[in-house]
Amino acid sequence: MTTQLLREFYELCDGGVCQDLLTEAEKRFVRDGGMMLSGMMQMAEVQNGNGRVYPQKILEREVQNYKKLVDDNRALGELDHPEESVINLRNVSHQVTDIWMENNKVMGKMKVLDTPSGGILRSLVDSGVSIGISSRGLGSVSEQMGKTIVEDDFQLICFDMVSEPSTPGAFMVRENKNRINEVFGKADRINRALNKVLRD
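Oh and the sequence shown: position 164 is 166 in the working numbering, straight run, nothing missing.
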């Protein structure tokens, strides 16, 4: 199977933030002029708009792996999807500050950064534009009973902010399997290996 760049789209809460998800400190940050975005970021066991299904155990594993990036303040995302798997720091607009599973839903919170792309994102949200979040990851898929199933080699890279899903063909870009080592550093690969050993 060929490893591909997989991208999925979900719309955030009305106005970009679910107030009941924010802590008091985060609400203070917002009152002081900061911007937080929150909502559902991904969903397991449901065929999405791109026709793909993410198994629950795969998303649970990737959320656990992604939490390490969140804890290290490295969970960054871009404004719009690039055509590559590497996060380009010049286009970073936000930082994921929390991520967790609620049944089959991946939920999360993001801080809009004071960067050029973050400024654009803030202006769009302030103008009432419906903003969505889209996951980006590397992995292969297989066809099973008329559905496209994401395989166990899937690795979540980041969550990008997008306006709307593009055509289905634009969500999947072929990538070389060797690119995974360019995206995930040695520490990330060690953490993934340890998580796998602990699970087994």
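Even glycine gets a Cβ: it sits at the ideal position worked out from N, Cα and C.
Test item: CB-CB of residue i and residue j under 7 Å
i, j, result
"Lys111", "Met42", "no"
"Tyr56", "Val152", "yes"
"Glu28", "Met38", "yes"
Which of helix, strand or coil DSSP assigns to residue i
i, result
"Val108", "strand"
"Phe161", "strand"
"Asp155", "coil"
"Asp128", "helix"
"Gln66", "helix"
"Glu47", "coil"
"Asp34", "coil"
"Gly100", "The sequence as given places Asp at residue 100; Gly does not occur at that position. In this structure, Asp100 counts as strand in the three-state DSSP scheme."
"Leu39", "strand"
"Leu61", "helix"
"Glu28", "helix"
"Gly53", "coil"
"Val114", "strand"
"Val88", "coil"
"Ser119", "helix"
"Arg76", "coil"
Nearest-angstrom beta carbon gap, residue j and residue i [assumed within contact, 8 Å]
i, j, result
"Gly53", "Thr150", "5 Å"
Same chain, Cβ closer than 8 Å to residue i, neighbours up to 5 away in sequence not counted
i, result
"Gln97", "Asn75, Ala77, Leu78, Gly79, Met112, Lys113 and Leu115"
"Glu64", "Gly139, Phe156, Gln157 and Leu158"
"Asn95", "For the sequence presented, residue 95 should be read as Ser rather than Asn. Contacts found: Gly79, Glu80, Leu81, Val114, Leu115, Thr117, Ser119, Gly120, Ile122, Leu123 and Met163."
"Leu91", "Leu78"
"Leu24", "Val32, Met38, Ser40 and Lys111"
Rounded C-alpha distance that separates residue i from residue j
i, j, result
"Arg30", "Glu145", "47 Å"
"Arg160", "Gln66", "For the record, residue 160 in the displayed sequence is Cys; it is not Arg. One C-alpha to the other measures close to 13 Å."
"Ser132", "Gln157", "27 Å"
"Ser137", "Ser125", "22 Å"
"Ala129", "Met147", "Note that residue 129 is Ser in the sequence shown, not Ala. If I take the Cα positions, the gap works out to 43 Å."
"Ile89", "Ile135", "15 Å"
"Glu62", "Lys69", "11 Å"
"Glu104", "Ile60", "14 Å"
"Glu85", "Asn93", "13 Å"
"Gln44", "Gly35", "28 Å"
"Glu26", "Trp102", "18 Å"
"Ser87", "Gly141", "11 Å"
Residues near residue i in its chain [Cβ-Cβ closer than 7 Å; skip 5 each side]
i, result
"Asp100", "Val72, Gly110 and Lys111"
"Gln49", "Val55 and Lys149"
"His83", "Arg9, Ser136, Arg138, Asp162 and Val164"
"Asp154", "Ile60"
Residues near residue i by beta carbon distance below 6 Å, same chain, minus five either side
i, result
"Glu47", "Gln58 and Asn106"
"Ser165", "none"
Contact with chain B by residue i, beta-carbon distance below 7 Å
i, result
"Ser119", "No chain B is part of this structure, which consists of one protein chain only."
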